[in-house]
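S.K.:
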Amino acid sequence: MLLVIGFGLHNATEGFGIVALLAAENVRPSWSSLALLGLIGGGPTFVGTLVGQHLVNDALSIAFLGLAAGSILYVIIELLAVARRAAMKVVTTWMLLLGLLLGFATDAVVTAAGV
14 MLLVIGFGLH NATEGFGIVA LLAAENVRPS WSSLALLGLI GGGPTFVGTL
64 VGQHLVNDAL SIAFLGLAAG SILYVIIELL AVARRAAMKV VTTWMLLLGL
114 LLGFATDAVV TAAGV
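Using my numbering, the letters of the sequence shown correspond one by one to residues 14 to 128.
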């Protein structure tokens with residue numbers, strides 16, 4: 014149960030990033046476009062869960078983790094570019110630090126729980 018809560022908290026932060034872009038628009042998105050965005054955002058996780066449940070392979074795990082790390086680096090690079098243009102380097106730096114610390118805290122709780 015603790016692991017599920019941890020994943021929910023982790024995924025909520027991804028939702029904030031998607032919603033922030035939608036909130037910046039003057040037009041309110043339709044339910045169908047929100048459903049499509051949810052499918053785009055959550056579909057790969059669902060497919061990955063199905064594949065991971067039936068296929069255990071160290072090389073494949075490393076390949077997928079490398080792909081995830083590259084995606085995260087891409088997002089960070091884009092975030093830094095946006096922060097530079099908006100002259101919000103201090104806020105971005107503090108939020109990156111807070112996110113990193115929350116990640117470590119989540120890992121500590123999951124490890125302490127023995128999951």
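The beta carbon of each residue, even a glycine, is placed where N, CA and C say it ideally should be.
Just so it is clear, the structure is predicted and the values come from calculations on it, not from any experiment.
Grouping DSSP H, G and I as helix and E and B as strand, with all else coil, what is residue 6?
M.R.: One cannot answer for residue 6 here, as it falls past the ends of the chain, which runs 14 to 128.
S.K.: According to DSSP, is residue 41 helix, strand or coil?
M.R.: In this structure, residue 41 counts as coil in the three-state DSSP scheme.
S.K.: Do residue 52 and residue 119 have their C-beta atoms within less than 8 Å of each other?
M.R.: Going by C-beta atoms, residue 52 is not nearer than 8 Å to residue 119.
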